[in-house]
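As numbered in this note's numbering, residues 91 to 556 make up the sequence shown, in order.
Beta carbons: idealized from backbone N, C-alpha and C, even for Gly.
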Amino acid sequence: MSHDLVVRNGTVVTPDQGTLRADVAADDGVVSAIARPNSLTGDRVVDATGNHVLPGAIDPHTHHGIYRGLEADAESESRSDLVGGVTTIGNYFRRPGAYADIMDGYFAEAEANYYHDYFFSLGLLSFEHVEEIPYIVNELGITSFKWYMNYKYAAADKFGVDCDMLDDFGDAFVRTLAAQDVPTTLGYHSENVEITNALAGGNVYVTSESGDAEVDADEGYEVMVEEFPGYAETQSMVAGAALAKCHDYDENFYAVHISSGRTADELAALRAAGYRLWGETCPHYLTLTTEECDERMKVNPPVRGGDDQETLWKRLADGTIDCIGTDHCANLTETKLGDGIRDSALGFPSSSTMLPLILSEGVNAGRLSLERAVEVTSTNAAKAWNLYPKKGAIRVGSDADLVVVDLDDTRTVTPELLQGAADYSIYEGREMTGWPTHTIVRGRVAFEDGEIVGEPGDGTHLDRPI
Ligand SMILES: [Zn+2]
């Protein structure tokens, strides 16, 4: 028989069977066979000879829609994702008001525009939001959430909600999640704002707009690192994890964007003490240091020093840190850069460079095995966010989200190469070795030979539980 698609004679990396040379067939969007090399025939054949075939990368941490609206971001950023082998993203969304009233419109904006599949994680900002959890989980197919410790005391001002997001709010949040019948995930932004606010002397960084801060032209990136020290992240992560553990919810607790080596070390210590937790770091914490950063790299938490970077790589390799997420924001130079570090906006685009960076500076640099790279860029995210084994695996019955990579292909990053909305990349000029030749979304080739051939609207919302 002829299959819809055959990816022929590549070295297939699977979390179940290990690494083997094989043909992979897809029919009706799912993997239908994994067979001896050069044994399958297809209506469409992708020759992967000499290359590796990985499950499509999953970026579980994006912020589409913050700067330009969801319609625009979904289209441009998921297009760019295909260049970098990303076939699923998780997007954080938060808004005051009842999600029951908001989400129909939001789903509609997504549906017409994504090139690949997506799921949402909702930020809860009030006790009213906590009360909506059963509705969100049972009616909207959204089973993941975010608790922003950085908005403690700030939520009433920032969002106009009647809530300071103190620990009693967090306690209700975690207890309600723990009481649901379906598996849920809580993304947790670790930050002790009583410490960071005091160190920052009232200066506000938590903004997605530039142009509203006092300017001191002499200040460089290092002031952010001084005002957001690693220990304020570490202490907050441990406190949040302990609360989750008290409600038997530690298995579903996911520490986002770990920037400090010490936080990763404490995550390891908690695991050794019997906690089951998920931990995520971002590519920028692995591949940049404070000295290399300027306003373009402004992000919260900030990029730290070489020791932190070294520890994060070690903790990624040894199994402590499970996932890579990017904290992707689609802003343009115009909206990103203000007059100095304080005046610039938070976040930068980075989903499409996630997999190439991990292949280049992880696998090709000898820090990670290829199998571990697949776990941290795909399989573990699928497990943490309740998408496995539909996503994150190459096995019969899984969605045929595949990326064929040439581990020897070296490219220099430019915004044009990445084909997203942004007119800059924090990695501009950097050489990375290990790029996709083909990105396949549910059995259809969506990117090949540098060209996007998928269509906006090809992606669908991933209703959970799967
Ligand atoms: Zn984020």
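Placement of the Cβ of Y241 at a distance of 7 angstroms or more from every heavy atom of ligand 1 is found. In the DSSP assignment, K236 is bridged to G213 and G277. According to the DSSP assignment, A359 belongs to the alpha helix (DSSP H) that extends over G351 to A362.
Per DSSP, D171 is one residue of the alpha helix (DSSP H) stretching across L160 to V173.
Inter-segment contact for the region 344-351 and the region 380-387 is absent: fewer than three beta-carbon pairs are separated by less than 8 angstroms.
Nearest neighbour of A334 by Cα position, chosen from A435, K480, A362 and A268, turns out to be A268.
With 16 or more other Cβ atoms inside 10 Å of its own Cβ, R462 counts as buried. Counting along the chain, the unbroken beta strand (DSSP E) around V97 starts and ends at S92 to T104.
Of the residues assessed, G510 falls on the buried side of the cut-off, its CB having 16 or more other CB atoms within 10 angstroms. Contact check for G174 against P446 passes: the beta carbons are separated by less than 8 angstroms. Around the beta carbon of V251, a 10 Å sphere encloses 16 or more other beta carbons of the protein chains shown; the residue is thus reported as buried. Under the three-state reduction of DSSP output, R501 falls in the strand class. Residue state for G369 is assigned as strand, using DSSP reduced to three classes.
Counting other Cβ atoms within 10 Å of its Cβ, T469 reaches 16 or more and is therefore classed as buried. Secondary structure at H374: helix, using DSSP grouped into helix, strand and coil.
Between S234 and T266, the C-beta gap is not smaller than 8 angstroms, which leaves the two residues out of contact. Taking the C-beta atoms as reference points, L406 is found nearer than 8 angstroms to V466. M387 has its alpha-carbon roughly 19 angstroms from the corresponding atom of A290. In terms of Cβ geometry, F263 and W237 form a close pair [threshold 8 angstroms]. In this structure, D340 sits away from L357, with a CB-CB distance that is not shorter than 8 angstroms.
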